[in-house]
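Peer 1: Here it is, the structure in full.
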Amino acid sequence: MNSPSVLYPFLWLAVFLGVLAWSGIAPADTYTWVLEVSPAVIGLAVMAATYRRFPLTPLVYLLILIHSIILMVGGHYTYAENPLFEWLQGPMGWERNNYDKLGHIAQGLIPAMIARELLLRLQVVHGRGWLVFVVICFCLALSAFYELIEWWVALRSEEAAEAFLGTQGYVWDTQSDMAWALWGAIAALLLLSRLHDRQLEQLAGRQVN
1 MNSPSVLYPF
11 LWLAVFLGVL
21 AWSGIAPADT
31 YTWVLEVSPA
41 VIGLAVMAAT
51 YRRFPLTPLV
61 YLLILIHSII
71 LMVGGHYTYA
81 ENPLFEWLQG
91 PMGWERNNYD
101 KLGHIAQGLI
111 PAMIARELLL
121 RLQVVHGRGW
131 LVFVVICFCL
141 ALSAFYELIE
151 WWVALRSEEA
161 AEAFLGTQGY
171 VWDTQSDMAW
181 ALWGAIAALL
191 LLSRLHDRQL
201 EQLAGRQVN
């Protein structure tokens, strides 16, 4: 009988490919869909290439899958037209569709744990204080770079700019996006570090054996 650890990669891949296939069926804007799902597909290729020689912890794999789903759902509907968050506007008193803010929280939370894992396992930094500092700096730099990508796309394609940017007329959207990424990174470090440390110890033990 297969163990959960053996079945996990197949279940992970089945969920990823299933959501990817759904998201590609009649998306709201095909060009925007390509832009939004590309990071998830690139991430899948990188993980497939490194799975045997540098496997990640189950926590990080799960977080990557969640982030990929957020990207693919955003690509299908566009971030400004997500139906669930459109419905939530009334009960929550929002003036805009805030699905993009969920995406930017994930943009801080998930990369924070990926960076934390790489920094610890590759022994890039020494001391937990420096670890926290470098992880947060990395997440802010990544968020800023993504905002630059959005700006470049907007300059090159006026038709897809609004759908990809998802600003919805909010003048502080760029700064707000980076702030949400920052809060996501901080939340990841506060809430997930202990669980992550345990899984890193287990992974190290399996690799030794």
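The opening position of the sequence shown corresponds to residue 1 in the UniProt record's numbering, with each subsequent residue numbered one higher.
For glycine and all other residues, C-beta sits at the position ideal for the given N, C-alpha and C.
#1: Would you kindly work out how many angstroms separate the C-alpha atoms of L71 and G103, rounded to a whole number?
#2: Skipping 5 residues on each side, what residues in its chain have a beta carbon closer than 6 angstroms to that of G184?
#3: From which residue to which residue does the alpha helix (DSSP H) around I25 run?
#4: Flag this pair as yes or no: are the beta carbons of A188 and A112 separated by less than 7 angstroms?
#5: Distance check for R194 and L119, CA to CA, integer angstroms please.
#6: Evaluate the contact criterion for the region 14 to 21 versus the region 47 to 54: three or more CB pairs, one atom per stretch, below 8 angstroms.
#7: Tell me whether the region 77 to 95 and the region 26 to 39 touch, counting them as touching only if at least three CB pairs, one residue from each stretch, are closer than 8 angstroms.
#8: What would DSSP say about W87, mapped onto helix, strand or coil?
#9: Under 7 angstroms Cβ to Cβ from P39, same chain only, skipping five residues before and after it: list those, please.
#10: Given a threshold of 16 other Cβ atoms within 10 Å of its Cβ, counted over all protein chains shown, does M92 qualify as buried or as exposed?
#11: Please state whether DSSP places R206 in a helix, a strand or coil.
#12: Could you tell me the alpha carbon to alpha carbon distance between I64 and M178, rounded to whole angstroms?
#13: Would you mind sorting N2 into buried or exposed? The rule is 16 or more other CB atoms within 10 Å of its CB.
#14: Alpha carbon to alpha carbon, how far is K101 from F133?
#15: With a CB to CB cut of under 8 angstroms and the five nearest residues on each side skipped, what residues in its chain are close to L59?
#16: Just mark E201 as buried or exposed, buried being the case when its beta carbon has 16 or more other beta carbons within 10 Å.
Peer 2: Based on what the coordinates show:
#1: 7 angstroms
#2: I105, G108, L109
#3: Per DSSP, I25 belongs to no alpha helix (DSSP H) and is neither H nor E.
#4: yes
#5: 16 angstroms
#6: no
#7: yes
#8: helix
#9: L71
#10: exposed
#11: helix
#12: 19 angstroms
#13: Per-residue confidence for N2 stands at a pLDDT of 42, beneath the threshold of 50, marking its modelled position as unreliable; no derived number is given.
#14: 23 angstroms
#15: M113, L192, L195, H196, Q199
#16: exposed
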